[in-house]
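**Student:**
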Amino acid sequence: MVTAFVVSCCMSLVEKKEKKPSKPRELLPFEGMEIDEEANINKIDYYIELLYESMPEKIRGSTLILHLARNPDNLEELLHNEAVLGALARVLREDWKHSVELATTIIYVFFCFSSFSQFHGLITHYKIGALCMNIIEHELKKYDLWQDELEKKSKDPENQSLRKEYEKTLKKYQSLLVKQEQLLRVAFYLLLNLSEDTRTELKMRNKNIVHLLVKSLERDNEELLVLVVSFLKKLSIFLENKNDMAEMDTVEKLACLVPCEQEDLMNVTLRLLLNLSFDTGLRTKMVHVGLLPKLTALLGDDTYKHVAMRILYHISVDDKSKSMFAYTDCIPQLIQMLSEHGEERMDTELISFCINLAANKTNAQIICEGNGLKMLMKRALKLKDPLLMKMIRNISQHDGPLKQLFIDYVGDLAAQIKQESDEEFVIECLGTMANLTIPDLDWELLLKEYNLVPYLKDHLKPGSAEDDLILEVVIMIGTVSMDDSCAVMLAKSGIIPALIELLNAQQEDDEFVCQIIYVFYQMVFHQATRDVIIKDTQAPAYLIDLMHDKNVEIRQVCDNTLDIIAEYDEEWGKKIQSEKFRWHNSQWLEMVESRQMEDAEPYLYGDDPDALEQPDLFYSTDGMMAPEPGLSPDFYSQFHSQNGDFNACNGADGRPATAYGFRPDEPFFHGYGSTR
Numbered sequence: 001m002v003t004a005f006v007v008s009c010c011m012s013l014v015e016k017k018e019k020k021p022s023k024p025r026e027l028l029p030f031e032g033m034e035i036d037e038e039a040n041i042n043k044i045d046y047y048i049e050l051l052y053e054s055m056p057e058k059i060r061g062s063t064l065i066l067h068l069a070r071n072p073d074n075l076e077e078l079l080h081n082e083a084v085l086g087a088l089a090r091v092l093r094e095d096w097k098h099s100v101e102l103a104t105t106i107i108y109v110f111f112c113f114s115s116f117s118q119f120h121g122l123i124t125h126y127k128i129g130a131l132c133m134n135i136i137e138h139e140l141k142k143y144d145l146w147q148d149e150l151e152k153k154s155k156d157p158e159n160q161s162l163r164k165e166y167e168k169t170l171k172k173y174q175s176l177l178v179k180q181e182q183l184l185r186v187a188f189y190l191l192l193n194l195s196e197d198t199r200t201e202l203k204m205r206n207k208n209i210v211h212l213l214v215k216s217l218e219r220d221n222e223e224l225l226v227l228v229v230s231f232l233k234k235l236s237i238f239l240e241n242k243n244d245m246a247e248m249d250t251v252e253k254l255a256c257l258v259p260c261e262q263e264d265l266m267n268v269t270l271r272l273l274l275n276l277s278f279d280t281g282l283r284t285k286m287v288h289v290g291l292l293p294k295l296t297a298l299l300g301d302d303t304y305k306h307v308a309m310r311i312l313y314h315i316s317v318d319d320k321s322k323s324m325f326a327y328t329d330c331i332p333q334l335i336q337m338l339s340e341h342g343e344e345r346m347d348t349e350l351i352s353f354c355i356n357l358a359a360n361k362t363n364a365q366i367i368c369e370g371n372g373l374k375m376l377m378k379r380a381l382k383l384k385d386p387l388l389m390k391m392i393r394n395i396s397q398h399d400g401p402l403k404q405l406f407i408d409y410v411g412d413l414a415a416q417i418k419q420e421s422d423e424e425f426v427i428e429c430l431g432t433m434a435n436l437t438i439p440d441l442d443w444e445l446l447l448k449e450y451n452l453v454p455y456l457k458d459h460l461k462p463g464s465a466e467d468d469l470i471l472e473v474v475i476m477i478g479t480v481s482m483d484d485s486c487a488v489m490l491a492k493s494g495i496i497p498a499l500i501e502l503l504n505a506q507q508e509d510d511e512f513v514c515q516i517i518y519v520f521y522q523m524v525f526h527q528a529t530r531d532v533i534i535k536d537t538q539a540p541a542y543l544i545d546l547m548h549d550k551n552v553e554i555r556q557v558c559d560n561t562l563d564i565i566a567e568y569d570e571e572w573g574k575k576i577q578s579e580k581f582r583w584h585n586s587q588w589l590e591m592v593e594s595r596q597m598e599d600a601e602p603y604l605y606g607d608d609p610d611a612l613e614q615p616d617l618f619y620s621t622d623g624m625m626a627p628e629p630g631l632s633p634d635f636y637s638q639f640h641s642q643n644g645d646f647n648a649c650n651g652a653d654g655r656p657a658t659a660y661g662f663r664p665d666e667p668f669f670h671g672y673g674s675t676r
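The UniProt record's numbering applies: residue 1 is where the sequence shown begins, and numbers increase by one.
1. What residue from Val-258, Glu-196 and Lys-203 has the CA that sits closest to Lys-234's CA?
2. Between the segment 221 to 232 and the segment 140 to 158, are three or more C-beta pairs nearer than 8 angstroms?
3. When DSSP labels each residue in this structure, what does His-526 get in the three-state scheme?
4. How far does the alpha helix (DSSP H) with Gln-147 in it extend, from its first residue to its last?
5. Which ranges does the alpha helix (DSSP H) cover as unbroken runs of at least 4 residues, wholly within the segment 496 to 524, from first to last along the chain?
6. Return the first residue and the last residue of the alpha helix (DSSP H) that residue 690 is part of.
7. What runs of the alpha helix (DSSP H), each 4 residues or longer, lie entirely inside the segment 238 to 281?
8. Using 8 angstroms for Cβ pairs, my map puts Cys-132 next to Leu-190. What's the rounded Cβ distance?
9. Would you report the Cα separation of Lys-461 and Thr-537, rounded to the nearest angstrom?
10. Drop a sphere of 10 angstroms on the beta-carbon of Ile-35, count the other beta-carbons inside from all chains shown, and report buried for 16 or more, exposed for fewer.
11. Quick check on the DSSP output: the alpha helix (DSSP H) that includes Val-109 runs from which residue to which?
12. Provide the residue span of the alpha helix (DSSP H) that contains Asp-220, from first to last.
13. Among residues of its own chain, excluding the 5 on either side of Lys-294, which ones have a beta-carbon nearer than 6 angstroms to its beta-carbon?
14. How would you label Tyr-327, buried or exposed, when you count the other beta carbons within 10 angstroms and need 16 or more for buried?
15. Would you call His-314 buried or exposed, if buried means 16 or more other Cβ atoms sit within 10 Å of its Cβ?
16. Judging by CA-CA distance, which residue of Gly-573, Cys-514, Trp-572 and Ser-578 is the nearest neighbour of Lys-550?
17. Starting from the C-beta of Leu-447, find all residues in its chain whose C-beta is less than 8 angstroms away, skip the five residues before and the five after it, and write them out in chain order.
18. Within a Cβ cutoff of 6 angstroms, which residues of the same chain sit near Gln-642, ignoring the five residues on either side of it in sequence?
19. I'd like to know whether the C-beta atoms of Met-433 and Leu-456 end up nearer to each other than 7 angstroms.
20. Of all the options Lys-153, Tyr-568, Arg-185 and His-459, which has the alpha carbon lying nearest to the alpha carbon of Leu-170?
21. How would you write the range of the alpha helix (DSSP H) that His-341 sits in, first residue to last?
22. So Leu-51 and Ala-87 are in contact, right, with Cβ under 8 angstroms, and what is the actual spacing, rounded?
23. Suppose you measure from the CA of Met-286 to the CA of Ala-255; what does that come to, to the nearest Å?
24. My guess is that Gln-180 and Glu-139 are in contact by the Cβ rule of under 8 angstroms, so how many angstroms apart are they, rounded?
25. Just to confirm my understanding: we take His-67, look at its own chain, exclude 5 residues before and 5 after, and list those with CB closer than 6 angstroms. What are they?
26. Quick check on the burial criterion: 16 or more other C-beta atoms within 10 angstroms. Buried or exposed for Thr-542?
27. Thinking Leu-387 and Glu-423 are a contact (beta carbons under 8 angstroms), I'd like their distance in whole angstroms, please.
28. Does DSSP classify Asn-193 as helix, strand or coil?
29. Between Met-55 and chain D, is any beta-carbon pair separated by less than 7 angstroms?
30. At the level of alpha carbons, what is the spacing between Leu-265 and Val-229?
31. In chain order, what residues of the same chain lie with their CB nearer than 7 angstroms to the CB of Asp-335, ignoring the 5 residues before and after it?
32. Mapping the DSSP letters down to three states, classify Gly-623 as helix, strand or coil.
33. Report buried or exposed for Trp-588, applying the criterion of at least 16 other Cβ atoms within 10 angstroms of its Cβ.
34. Using C-beta distances below 8 angstroms, list every residue in its chain close to Tyr-304, excluding the 5 sequence neighbours before and after it, in chain order.
35. Compare the C-alpha of Lys-320 against each of Lys-361, His-341, Asn-71 and Glu-369 and name the closest.
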């Protein structure tokens, strides 16, 4: 069986000798590998005999074999010699605890084979991988004992005898540490090569490889750290390994490596942090351990700027972390990058990061300091960049002085709506204008000057444009309808029937339904449009149908709109009250029946079938509805108390949140991998 395997490996080696790509720096000869004679492949039998002698001879024999194995041309012949590999595996298994030099040298021999994928089966055959993990675990425990011993001897530095003993122990420890780290490096490197096979990697994970690697992050040896972090980066793409790293406080240990002078170590550490930053909890840890200012400082370094920005982008996804950027110099750096950008479109990762940050009010204020908003508007209108306009739209959603800054640009935005053919850009312009719920803005003048009413009406027709654009038009109408004269102008143009038609077409889309109902809610506030909605349309009937929608926001907007209608129109008030009573009654009966089925009792109120006829179980109707036998709850008063004011809605300025948890003009993050 072994002979067949050897032949197969040799044929594969002859056909293709390719080293695995993307490796840490190659292992170099280390202290103890020097020898006063030249290794000769013809003397291999003599070297094997040395492995059966005393410890110095075993070390000498294995070192000579290692010198042969470091030349890839000799691997084929060594592979044919079953005795040499079998002897090396046996000596390693029996004597690794007796000599670090011997263990390091023999593992290095097998590492030379592990550099070629076709030899991995051979290493697995001798169970070298499992043995390496046992050796690593043992050495890490030994390291902890050394640390404890040094700590005990350093407690009383004024005691001369203890001080001398400590210095002596420290020198010995440093010498042992160098040898141990050589062993750890070659063992980890061999395991990294073997982990090319995901099945082998899974076996390592089951033997707690992540724990061993994270524990090794406490070392100071940069070459070892590069290897360990590279291994962790490879493992981190799997959820189970990432979870193990989270439990081991990996982020805290990686934070100590940022920044560092060793470029390879810095680069691989940042890339591991990027992989881990896809996890919400680990992103939060990155902020807590102080990585935010460290990563921000790297934005000025071209070597690490892009990977640092991607990590920061992921952190900016979380609302709790957005505000932390205001306490760093990150935002001024980003604005500087935007201002220095050429005529071409922005880097996607840069503008995506800015979009996220602009969703926070404090960040938006910093962005607009000086001529920040003017610069952004100028670039957005010149380049017609929808992502840059999306950033501006996020800024426009914040209440207070920020919205006032947009008054100077309303005309420019309105002009883009009719002139620009890029729907994505128009969507962001509409969304920005829809956010401007400020009393100083003369919407009537704006609609007339730019003749926007026909545009808004035409784009309410189902299929007239992409759904995203039609939705923004509806939201825009909701904002404009807050103005009494604008609401009248829109009602006269026939927009209300168009909204009802759109409601019929998009009745399965909660976002459309919610925003259309919000327009009705705005219009019933004004006398002229209230009469149109109540008397000339079937909008109240649609609202009654939606009173009990599964979506909470839709129910809330419907209830508040219907309450206003019921107050001003007696006939619709009765219909609304009757529907609320009917719904409550059906819910009551359903609850009673379900309890009876669950309890398996003939009567819910004991054995008396007349219990439900007792007057004290009834609710008073206050004369609003004639009592009926057995059923007369005053549902209207109870239901009204459940509604609360419309201002309780989640959206800004009373506007409802959508079915997706946010309005298009509320904080959100933009994926730099997407185009929208």
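Note that the Cβ used here is the ideal one computed from N, Cα and C, for glycine as well.
**Tutor:** By the coordinates alone:
1. Glu-196
2. no
3. coil
4. 128 to 153
5. Listed in chain order, the complete alpha helix (DSSP H) runs (minimum 4 residues) inside the segment 496 to 524 are 510 to 523.
6. The structure shown does not extend to residue 690, since the chain is modelled only from 1 to 676, so the question has no answer here.
7. 239 to 247, 250 to 255 and 263 to 276
8. Their Cβ separation, rounded to whole angstroms, is 6 angstroms, which keeps Cys-132 and Leu-190 in contact under 8 angstroms.
9. 17 angstroms
10. Here Ile-35 is exposed. Its C-beta has fewer than 16 other C-beta atoms within 10 Å.
11. 100 to 114
12. That residue, Asp-220, is in no alpha helix (DSSP H); it is neither H nor E in DSSP.
13. Val-258
14. exposed
15. buried
16. Cys-514
17. Val-453, Val-480, Cys-486 and Met-489
18. Low confidence applies here, because Gln-642 scores a pLDDT of 34, under 50, leaving its location unreliable; read the following figure in that light. Excluding sequence neighbours, Gln-642 sits near nothing in its chain.
19. Cβ atoms of Met-433 and Leu-456: not closer than 7 angstroms.
20. Lys-153
21. Here His-341 belongs to no alpha helix (DSSP H), and DSSP marks it neither H nor E.
22. 5 angstroms
23. 8 angstroms
24. Yes, they are in contact, since the Cβ atoms of Gln-180 and Glu-139 sit about 5 angstroms apart, within 8 angstroms.
25. Ala-39
26. In the sequence on display, residue 542 carries Tyr and not Thr. So Tyr-542 ends up on the buried side.
27. At roughly 14 angstroms, the Cβ-Cβ gap does not stay under 8 angstroms, so Leu-387 and Glu-423 are not in contact.
28. helix
29. Note that chain D does not occur in the displayed structure, where there is just one protein chain.
30. 8 angstroms
31. According to the sequence provided, residue 335 is Ile. The question's Asp does not apply to it. So the qualifying residues of the chain are Ile-367 and Gly-372.
32. Here Gly-623 scores only 39 on pLDDT, less than 50, and its place in the model should not be relied on; the value that follows carries that caveat. Note: Gly-623 maps to coil in three-state DSSP.
33. With fewer than 16 Cβ atoms within 10 Å of its Cβ, Trp-588 is classed as exposed.
34. Met-266, Asn-267, Leu-270 and Leu-298
35. Lys-361
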